[in-house]
Every structure is written in C-alpha cells, then in structure tokens.
Amino acid sequence: MRVLVVEDESDLLVSLVKALREEGYAVDMAADGEEGLFKARSWDYDAIVLDVMLPRLDGWELLRRLRQSKSTPVLMLTARDAARDRVRGLDTGADDYVVKPFDLHELFARLRALIRRAAGRPRNVIDVGQVALDIGPRRVTRAGQPVALTAREYALFEFLAVHRGSVVTRNALYEHLFDEDEDSLSNLLDVHVSNLRKKLGPEVIVTRRGQGYCIE
Amino acid sequence: MNAFRSIRWRLQSWHGVMLALALAGFGYTAWQLEWENQLRRIDQELEERVSAVAGATLAVQDRPAEDRSPREAPEQDERRPASPPPGQFRREERPAPDDPQPRRPPQEPPSQLQGRAGSPPGPRSDARLPAREMRFFEGLSGQAFYYVVWGPDGAEHTRSTSAPPSVPRPERTAALRGSRWRGTIRERFHLAPEGGVLVGRDADKDLAAVRRFASLLAVTGGAACLLGLGGGWWVSTRALRPIADISATAARIASGDLTQRIRTADTSSELGALAGVLNDTFARLHASFTRQAQFTADASHELRTPVAVVLTHTQNALARDRTADEYRESLAACQRAAQRMRGLTESLLTLARIDSGGLAEARVTCDLAQIAHGAIDLLRPLAEAEKVTLILQLSPVRCQAHIGQLEQVVTNLVSNAIHYDRAGGSVRIRTAAEPGFAVLSVQDTGEGIAPGDLPHVFERFYRADKARARSAGRAGLGLAITRAIVDAHRGTIQVVSAPGAGSTFTVRLPAGADHHA
C-alpha cells in the first residue's frame, strides 16, 4: 500500500513517514499544498494523509481540486476540532478525519479501514483458501498456523488480497509497493512472489502472462 | 414584562387623568357660559318688564304731571281718558307698529289674558297698566311673568293676577336694582324711595334646559374620555410594541444566541434609535465573543501541533528498540516541540497580563535608544545567521515605559524584520524624538506585506505566510503582543509596506517627562 503524507510541520512529517514505513506502507511525503496536490494527481495512492493548515495551498483547496479528477481515500489531519470543521472536511470529500494530537495506533487503524473500504472489503479478514489475512494485526495464517512474512512480502500479499478477483499489473504493484525514493529492480517483484508461493502455497497467487498477478 | 406593563399603565393613567381634567374643565366652562347666558337673558327679560312697570307705576305716583308721557300715566284719566277695558288691550296692541311680539303665539285666545291679568285681586291694577306695558305679561303661558308694586310705605300697591300669593318686598340694600332667586323663581326689582317694583317669573324650564345641557356635556365628555382612553391604549400599545420586541430579543441573546438582532423597521423613532444602539452593542459583543473563541481555538490549535509531534515521536520511538541516533532524533524533535509550546505559553501569558492591565505600573523614564541597543545586541547572532545587516541610527530619546516590555517591543519588531527580510538584505532601526513622542522605526528590505494582509498583521495568530512563520516556531503572536504593549503605554504602532520593497513599523510612545529622571 502506498500512501502520501502532506504535512508542513517537518518533525511531525518525519515521524509519521517513519512510523508508516515501519507499518509496511510505501510512503511519499509533501511539505506544502502544491507539492501535495501534484503528487496526489500524479500517482494512484491507496490513501492520502492530509494536514489542513498548509502553506501555499490549504488542505480544503487541495482536496477540492483533487476530487475533480481522483477519488483517492483522504484522511484529514488537523488541529481544528470544531464540529463545523469536521463537517466541512467530510463534506469537501474527505473520507475520515483525525484531530491532532492523535494516537498513532488510531491513525493506522483508520488508515487501514479507509483502504479496506475503498477496495470494497467490509471485513478486516480476507480468506484465500486455507490462507487467511488479518489486516488489523497484519497477520497471515495458513491452515491456522501463523506464517512469518517480511514487510515487503506482507505488503505484496495484502495488496493482492485486498484487490482479490482482479488482475493487478506489475506496474500497479510497483506503484503501490514502492515509494518515490526506492529504486526498485523489476526482478525484485518476482522474488517476492516466489517467496510468497513458497510460504503460502503455489496456488495462492496466479500469474496472468502479459498482464500481472491475481488472487482468485 | 411587569415593568413594561407598569409603564403602559402609568402612561395610560396619566393620559386618562389629563384627558378627564381637560374635558371636565371644558365642560364646566361651557356649562358656566350657558348658565350665565340663560340668566342674563332671563334678567334682561325681567329688566325690560320691571323698567316698564316701574316707569308706568312709580312715575305716576311721583313724577310731575307734565313730564309724563301719555303712555306712562295710567292713572291720569284726563290724559288717558279711560282705561280701556281688558278686551280693548288686544285690539290696541295688535296694530302697534313697533311690536315685535316674538313671545306671543298669535293663536292664543284673548280670554286667557283677560282671565289672568284681569281677575282679582282687582281690575284696577291691570287697568292701570297701559297696553304697551301690559303686553309683557300676556300671552306667555310658559313663562308667566308677574309684577308686584309696592308703595313708599312698603305696602303692596298693585300686583298682577299671575303673581304668587306672597311675594316679600326685597330688603333695601345698597343696590336699588337687583335680582334674586326664590326657589326656581327669578325676580328682578327696582327700589326707589317712592316705592318698589318687582317682576318675576318661574325659571324652572330654563333651569331644566341648563341641566339638560349639563347632562349632555357630561355624556359627550364621558364618551370623548372613553374614546381618548381607547385611543391612548391603542397608541401606547403601538408605541410600546418595539419595547416588547427589544426585550424578547435581549432575552434570546441573554440565553446565548448572540446572532439575534432586534428588528428595526423604523430607525427614525426614539425606540428605533435605541434598537440601533442595542444592535450595535450586540454586534460588538458578538464580535468580541467570536474573537475570544477564535483566539482560544487558535491557541489550542497552535498547541496541538507540537503535542502531536511529541506523541508521534515518543510512540514511534517506544514501538520497538531503536538505535541511539534514532532516540536522539526523537528527543530532539520532542525538545523542539516543547520549546515551541513554551514560547507559545509565554506569549499567551504575556497577552493575558497585558489584557488584564497588569503592566500599567512599574513604568520609568528611560532612554529608548539605550534599550533598543541592548535588545538588538541579543539579536545579532540571528541576523548573522539570516545574512541580514543591521543598520542602527539610534539617537537618545526619553520615554515613559516599562523597560522589560519596551525591550520586547524592540526584540519582536527587529526579529520579525530579520525573519522576513531577504538574505543579504538590511534592517534599519531608528530612534528619534518627535514633539511629545519617542519614535522607534524598524525597516526591512524583504518582500513586504500584501495589501490584503496589511490590516490584519497585528491580529493574534494572524500569519500572512504560514509556512515560513511556522518553520521558525512563530505562532503569529509577536506583532499582537507588540501592539498590546504599545497600546498599554498609550502609544501607537503603524506599518507601511510596499510589496517587494519591504515594510516599516513605526512605534510612537509618549515622551519622557524630563532628561534627568
């Protein structure tokens, strides 16, 4: 999953990005509204964490302009907690609203729920045959036994599982699993898929030649 | 509501009392005039008759014969050979050329006069009244005049048949002519040494007419009074209706809805003006409440971000084992956040102290240039870091100020100028004396302030460029504090700015009392 964090308070931005990366997200960052809007339009993020008080282009305006072309899930992050502000945020097209100061775990949980809902998954647990994925605790089991995955493997499996039933192109996988700073090699993806097949069973991930991967 | 009712009732009762008094005064005067008019008319009728009778009777008795006119000598048979029989009176008087005869109905039978004027106590008395005088006493069935004539000895000499049985002779007082009431009978008399004449008639019909007039006045007056009271009630209801509106609106405002306003359709009336004044007050109150709420929201907003930094960094750091560098980085971020919060709380406290007027005391006469110098020296490292040149033109000038606060004014303005100046620019600080003022001006060569932002730069938490301001840990309170201090010193602060060329802040403080304080 790839998210964009738009936040002008650099200390907050740094710690948010770091925490999200440790959660397995590929994270891009933007320190002002214009940069944020540019990135949000350029990539199909799985979610955007958006501060309201931004220089150059505030969060409301960014959201309004973004909504003209994209429906990326947006979680507003703001210090304003008046009901009026929350209503305005949701009405402008935000999908959720977190008030500063926030608890990181709550932020992560809301982000997960946001991404899950955007993919049309009402539940946190996705079953693929004998394999079960629980998005909340980021846990994968095979026949009831927990399977140890690396962060990247987990991210790949989660993305395919969330978009279960549809073919995910290699390009899309690159876009959603690696952030702008990572110089990924194309064969890395095949390595991760191969490792996942070893751990979860060869039939879990199907390769569609010339198109991409799919969990059926 | 009670007070409103009482005003209305008071208005109404005053109005009622005034109206009743005015109507009563008017009615009484009208009645009085009517009564006097009636009385004068009665007295005039009586006077005509009494003069005639007196002329006819008293003159005969006393005046020399040659002075008597033929008409006035009823007793002289040789001048008036025979007193005509009663029946003849009528024939004689009818053709009288000067007879207006308004009071005698023509259809009245002659016998009636004869019966009245010619019956006992004796035809003699009637016979002695000539026709001209006689006609006064005839034909007036409704207004039966009578006469009584007394001789010099006071004994009754003659009387008309219509006279009541006993008519006492009027007492001789100073007046020889006079009028009197006996019950409803009005009498007028002439008294002379040679005798007295009295003519009277029953005035009960006239009195009744006056009474009718009085009751008519009372009824119309009462009706007018009721009408006036009703009108007054209507007028006072209308006049006081805006007060009800005002109090209802004020009650709604008192219960917390500060957006309520009094409807003022008619702004020209006194109540409209009052409503306007109240609306202005409510608007100011609302604005002040809104500002206060905004200030609190801004302050909490400014505190929330550093708290969020501390929370995310600590949660992140504690989530798993970290390297020493990572811990150091997190601690440094927390420190920066804490320092920002400290700066903010100090600013808020300063503002609160200024707002509560706690800085009024402890003012001394001091040298503005010296204080500016001290404050600027502390800012030199900042200026060097920002590659800004400080140009000082400080001429000594005395002012009356709180030294610590004055230092803060200089620090705020100069650090602000350094912050917003371009790299390689300069900040020019001047102190000078103007008549009555010590002047401090701080001029930078930065981007200047956009005209749209200029009116707001002294507002609390207002920042034209939020990114730059926040990255330097500024909350947007510096200029607000500066202005609050200057205001507390009864000084002024102004800013002029040309976008692209820089801004100049000018502070004027009241000059110090003398030079050797």
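Here the protein sequences come in this chain order: A and B. Offset between the first sequence (1-based) and the numbering used here: plus 4. Offset between the second sequence (1-based) and the numbering used here: plus 5. From the three backbone atoms N, C-alpha and C, an ideal C-beta is built for every residue, glycine too.
Beta-carbon proximity check, residue i vs residue j, cutoff 8 Å
| i | j | result |
| --- | --- | --- |
| Gly200/B | His162/B | yes |
| Leu8/A | Ala35/A | no |
| Glu431/B | Thr450/B | Position check: residue 431/B holds Ser in this sequence, whereas Glu was assumed. It is a contact, given that the beta carbons lie within the stated cut-off. |
| Gln499/B | Thr511/B | yes |
| Leu118/A | Pro77/A | yes |
| Gln134/A | Arg143/A | no |
| Lys104/A | Ala322/B | no |
| Ser352/B | Leu482/B | yes |
| Leu37/A | Glu65/A | First, the residue type needs correcting, since residue 37/A is Gly and not Leu in the sequence shown. Against a cut-off of 8 Å, the Cβ pair of Glu65/A and Gly37/A comes out as a contact. |
| Leu81/A | Asp99/A | no |
| Gln459/B | Ser502/B | The residue you asked about is not Gln; residue 459/B is Leu in the sequence shown. In this structure, Ser502/B lies closer than 8 Å to Leu459/B by Cβ. |
| Ile423/B | Leu387/B | yes |
| Ile47/B | Ala208/B | yes |
| Tyr151/B | Val58/B | no |
| Leu222/B | Gly21/B | no |
| Thr310/B | Ser19/A | no |
| Thr96/A | Leu137/A | no |
Residue i burial status per 10 Å Cβ neighbour count (16 or more: buried)
| i | result |
| --- | --- |
| Tyr425/B | buried |
| Tyr33/B | exposed |
| Pro69/B | Reliability fails at Pro69/B, whose pLDDT of 43 lies under 50, so the model's placement of it is uncertain and the value that follows must be treated cautiously. So Pro69/B counts as exposed. |
| Thr269/B | buried |
| Ile454/B | buried |
| Asp55/A | buried |
| His180/A | buried |
| Val210/A | exposed |
| Ile490/B | buried |
| Leu418/B | buried |
| Ile376/B | buried |
| His22/A | Reading off the sequence, residue 22/A comes out as Lys, not His. Result: buried. |
| Met5/A | buried |
| Asp107/A | exposed |
| Glu157/A | buried |
| Arg234/A | Outside the displayed span of chain A (5 to 220) sits residue 234/A, for which this structure offers no information. |
| Ala329/B | exposed |
| Leu397/B | exposed |
| Gln448/B | buried |
| Leu290/B | exposed |
Alpha carbon of residue i to alpha carbon of residue j, nearest angstrom
| i | j | result |
| --- | --- | --- |
| Leu373/B | Ser446/B | 11 Å |
| Phe182/A | Trp47/A | 12 Å |
| Glu184/A | Asp32/A | 6 Å |
| Arg191/B | Ala29/B | 28 Å |
| Arg257/B | Leu263/B | 8 Å |
| Ser14/A | Lys43/A | 18 Å |
| His195/B | Leu181/B | 6 Å |
| Glu207/A | Val172/A | 16 Å |
| Glu464/B | Glu307/B | 15 Å |
| Arg90/A | Arg325/B | 33 Å |
| Val102/A | Ala123/A | 21 Å |
| Ser165/B | Gln43/B | 24 Å |
| Arg54/B | Val224/B | 37 Å |
| Ser18/B | Asn284/B | 32 Å |
| Val172/B | Val202/B | 11 Å |
| Arg341/B | Ser335/B | 10 Å |
| Cys218/A | Val315/B | 42 Å |
| Gln66/B | Gly226/B | In this prediction, Gln66/B scores a pLDDT of 49, lower than 50, which makes its location untrustworthy; no coordinate-derived value is stated. |
| Ala86/A | Ala298/B | 11 Å |
| Leu26/B | Glu50/B | 36 Å |
| Val338/B | Ala302/B | Looking at the sequence itself, residue 338/B is Ala, so the reference to Val does not match. Rounded to the nearest angstrom, the two C-alpha atoms are 24 Å apart. |
| Val237/A | Asn175/A | Outside the modelled stretch of chain A, which goes from 5 to 220, sits residue 237/A, for which no answer is possible. |
| Gln320/B | Val166/A | 28 Å |
Any non-hydrogen atom of the ligand ADP within 7 Å of residue i CB
| i | result |
| --- | --- |
| Arg88/A | Ligands in the displayed structure: none, and consequently the ligand ADP is not present. |
query = Is it true that the stretch 213-220 of chain B meets the stretch 157-172 of chain B, where meeting means three or more beta-carbon pairs spaced less than 8 Å apart?
reply = Judged by Cβ distances under 8 Å, the stretch 213-220 of chain B makes no contact with the stretch 157-172 of chain B, as fewer than three pairs qualify.
key: At least three beta-carbon pairs within less than 8 Å, the stretch 389-396 of chain B to the stretch 407-416 of chain B   = Not touching, per the Cβ criterion.
query = What residues from the stretch 88-107 of chain A come within 8 Å of chain B, judged by C-beta to C-beta, listed N to C?
reply = Listed in sequence order: Val103, Lys104, Pro105, Phe106 and Asp107.
request  = Using a Cβ-Cβ cut-off of less than 8 Å, list which residues of the stretch 10-28 of chain A approach chain B; keep chain order.
outcome  = Answer set for the stretch 10-28 of chain A: Asp12, Glu13, Ser14, Asp15, Leu16, Val18, Ser19, Leu20, Lys22, Ala23 and Glu26.
Touch test, the stretch 239-249 of chain B against the stretch 275-290 of chain B, Cβ-Cβ under 8 Å, three pairs minimum = With the cut-off at 8 Å, the stretch 239-249 of chain B and the stretch 275-290 of chain B touch.
request  = Mind checking the stretch 301-312 of chain B against chain A and listing, in chain order, the residues whose C-beta falls within less than 9 Å of any C-beta there?
outcome  = Residues passing the 9 Å Cβ filter: Ala302, Ser305, His306, Glu307, Leu308, Arg309, Thr310, Pro311 and Val312.
key: Contact list for the stretch 324-344 of chain B against chain A, Cβ threshold 9 Å   = Correct list: Ala324, Arg325, Glu331, Glu334, Ser335, Ala337, Ala338, Cys339, Arg341 and Ala342.
request  = Give the residues from the stretch 400-424 of chain B that approach chain A closer than 9 Å (Cβ to any Cβ), ordered along the chain.
outcome  = Cβ contacts with chain A come from no residue of the stretch 400-424 of chain B.
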